[in-house]
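Worksheet: one structure, shown below.
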Amino acid sequence: MFKKNNHRNSPRKADISPLKEAIEQMLKSFHIDKKFYETQVIENWEKIMGKPIAQRTTRLRVYKGILYVSLNSPALRQELALSKKKMIQLLNESVPEPVIEDIVFS
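So this is what it looks like as structure tokens:
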């Protein structure tokens, strides 16, 4: 009756790429990949830094590779300034390409 389509035996076409790769290629072709990754860093701030830090963060923005972090706690601001290098590493590991070069706390 019906012909059963067996996907395991069908050869994969050479011009087909996984969705992730296709999206990354599109972002690069429109030159918006860095902006997209910067946005991902901001969106993942709570997951990366933890809820207590995220609750004391009032504003985040990225401009020319610098992450500007506004905090409502002077003590936390000073503490985070001491671990800036580790924070940059963690934030850049959350995206395919490093986008954060420095962090400025205010």
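Each residue of the sequence shown is one higher than the one before, counting from -19 in this note's numbering.
All residues carry an ideal CB built from backbone N, CA and C; glycine is no exception.
Per DSSP, residue i forms a beta bridge with which residues?
i, result
"residue 17", "Paired residue(s): none; residue 17 is not in a bridge."
"residue 84", "48"
Taking all protein chains shown into account, do 16 or more other C-beta atoms lie within 10 angstroms of the C-beta of residue i, making it buried, or fewer, making it exposed?
i, result
"residue 49", "buried"
"residue 12", "exposed"
"residue -4", "exposed"
"residue 71", "buried"
"residue 46", "exposed"
"residue 79", "buried"
"residue 62", "exposed"
"residue 87", "Nothing in the structure corresponds to residue 87, since the chain is present only between -19 and 86."
Would you call the CB atoms of residue i and residue j closer than 7 angstroms?
i, j, result
"residue 36", "residue 52", "yes"
"residue 74", "residue 24", "yes"
"residue 83", "residue 64", "yes"
- Query: Would you call the segment 19 to 31 and the segment -3 to 7 in contact, with 3 or more CB pairs under 8 angstroms?
  - Reply: no
- Task: Please determine if the segment 23 to 37 and the segment 49 to 56 are in contact, where contact requires at least 3 C-beta pairs separated by less than 8 angstroms.
- Result: yes
- Taking the runs of the beta strand (DSSP E) that are 3 residues or longer, which of them lie wholly in the segment -9 to 65? 37 to 43, 46 to 51
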